[in-house]
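This report refers to the structure that appears directly beneath it.
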Amino acid sequence: MTKHQKRLSVPKSWPVERKTETFTVKADAGPHGEDGVPLVVLLRDVLGYVDSRKEARYALSEDSILINGVPINDEQRPIGMFDIVAFPGRDEYYRVFPDEGGRLALTEIDEESAQSRLGKIVNKQQVSGGDTQLTLHDGTNVIVDDEYDPKDSIVIDNDDKSVVAHFPYEEGALVTAVRGNHGGKVGEIDTIDITPGSGSNSVGVSTDDGGFETVEEYVVVIDENFTGDDDE
Numbered sequence: 016m017t018k019h020q021k022r023l024s025v026p027k028s029w030p031v032e033r034k035t036e037t038f039t040v041k042a043d044a045g046p047h048g049e050d051g052v053p054l055v056v057l058l059r060d061v062l063g064y065v066d067s068r069k070e071a072r073y074a075l076s077e078d079s080i081l082i083n084g085v086p087i088n089d090e091q092r093p094i095g096m097f098d099i100v101a102f103p104g105r106d107e108y109y110r111v112f113p114d115e116g117g118r119l120a121l122t123e124i125d126e127e128s129a130q131s132r133l134g135k136i137v138n139k140q141q142v143s144g145g146d147t148q149l150t151l152h153d154g155t156n157v158i159v160d161d162e163y164d165p166k167d168s169i170v171i172d173n174d175d176k177s178v179v180a181h182f183p184y185e186e187g188a189l190v191t192a193v194r195g196n197h198g199g200k201v202g203e204i205d206t207i208d209i210t211p212g213s214g215s216n217s218v219g220v221s222t223d224d225g226g227f228e229t230v231e232e233y234v235v236v237i238d239e240n241f242t243g244d245d246d247e
């Protein structure tokens with residue numbers, strides 16, 4: 016199987032130039048599905064910390080890069096929305112956050128904020144023993160005691176996966192659009208319009224410059240600490 020990906024066909028969320036070269040690195044299987052960006056792309060094309068995959072492999076072999084608190088040794092490991100990328104030796108910490116147009120970008124945060132990450136609940140089910148299991152947007156499964164609903168967001172501790180914050184999906188909630196024509200915009204939910212049948216519900220969001228409407232699959236509930244404005 017090829018380890019390369021044509022730049023022209025990469026997802027719109029990938030932060031790469033599409034016309035400079037023919038190929039880029041292909042992500043391995045893992046979190047975030049097809050939207051996951053290979054770690055080496057962030058190290059090389061976004062941060063400029065390495066010039067090649069060889070240099071990336073060396074950095075990873077030193078356990079100097081953590082993703083969601085875990086040392087990573089695969090330069091093709093997929094990185095996606097709301098992941099925490101940490102360089103403890105540099106005292107640098109970043110949250111992956113959608114930028115204008117929905118492209119993934121790195122928002123600098125402090126060390127304390129890097130101890131947990133946000134996830135959108137995409138599924139909820141009962142498992143053996145009567146426990147409730149939540150599945151998050153990146154594929155993470157979390158066992159919980161309290162009641163949460165699909166489309167809510169939770170913040171989980173990177174060490175023990177405990178829930179440290181909960182943001183319900185409801186009118187008045189602060190959200191960011193993560194894909195579509197309004198990707199990267201942040202605002203408050205004005206309306207949630209239920210579509211009969213199997214169609215997607217629509218969401219009206221008010222922003223500082225007016226507002227927009229999109230499908231609810233494209234928005235994620237956040238709080239002001241996840242916009243990058245109040246982390247420092």
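By this note's numbering, the letter at position 166 of the sequence shown is numbered 181, and the numbering carries on one by one without gaps.
Here a beta-carbon is modelled for each residue, glycine too, at the ideal position from N, C-alpha and C.
Among Gly-202, Glu-162 and Glu-49, nearest to Phe-227 - alpha-carbon criterion = Nearest option by C-alpha distance: Gly-202.
message = Relative to the C-alpha of Arg-105, which candidate in Gly-144, Glu-123, Lys-200 and Val-220 has its C-alpha closest?
response = Glu-123
task = For Ser-221, I'd like the list of residues in its chain whose CB is within less than 6 Å of its CB, leaving aside the five on either flank, ordered along the chain.
result = Gly-202, Glu-203 and Asp-205
task = Report yes if the C-beta distance between Glu-232 and Ile-207 is below 8 Å; otherwise report no.
result = no
ask   = How far does the beta strand (DSSP E) with Ile-131 in it reach, from first residue to last?
value = The sequence shown places Ser at residue 131, rather than the Ile named in the question. Counting along the chain, the beta strand (DSSP E) containing Ser-131 begins and ends at 131 to 141.
query = How many Å lie between Leu-75 and Asn-88 at the Cα?
reply = 5 Å
inquiry  = Tell me the DSSP secondary structure of Val-193 in three-state form.
reply    = Secondary structure at Val-193: coil, using DSSP grouped into helix, strand and coil.
request  = For Gln-91, count neighbouring C-beta atoms within 10 Å of its own C-beta (all shown protein chains included) and say buried if the count is 16 or more, exposed if not.
outcome  = Buried, by the Cβ-count rule.
ask   = At which residue ranges does the region 158 to 218 contain complete alpha helix (DSSP H) runs of 4 or more residues, listed in the order of the chain?
value = none
request  = Give me whichever residues DSSP pairs with Ser-79 in a beta bridge.
outcome  = BP columns for Ser-79 are empty, so no partner.
query = With burial defined as no fewer than 16 other Cβ atoms inside 10 Å of the residue's Cβ, what is the status of Tyr-73: buried or exposed?
reply = exposed
task = Mind checking which residues open and close the beta strand (DSSP E) that includes Thr-147?
result = 147 to 151
inquiry  = Any contact between the region 112 to 128 and the region 137 to 153? By contact I mean 3 or more CB pairs, one from each, below 8 Å.
reply    = At 8 Å Cβ cutoff, the stretches do not touch.
task = Kindly indicate if chain D contains any beta-carbon less than 8 Å away from that of Gly-145.
result = Judged by its chain identifiers, the structure shown contains no chain D, having just a single protein chain.
Best match in Leu-81, Asp-50 and Glu-239 for proximity to Val-190 [C-alpha to C-alpha] = Glu-239
request  = With a 10 Å radius around its C-beta and 16 neighbouring C-beta atoms as the bar for buried, classify Asp-153 as buried or exposed.
outcome  = buried
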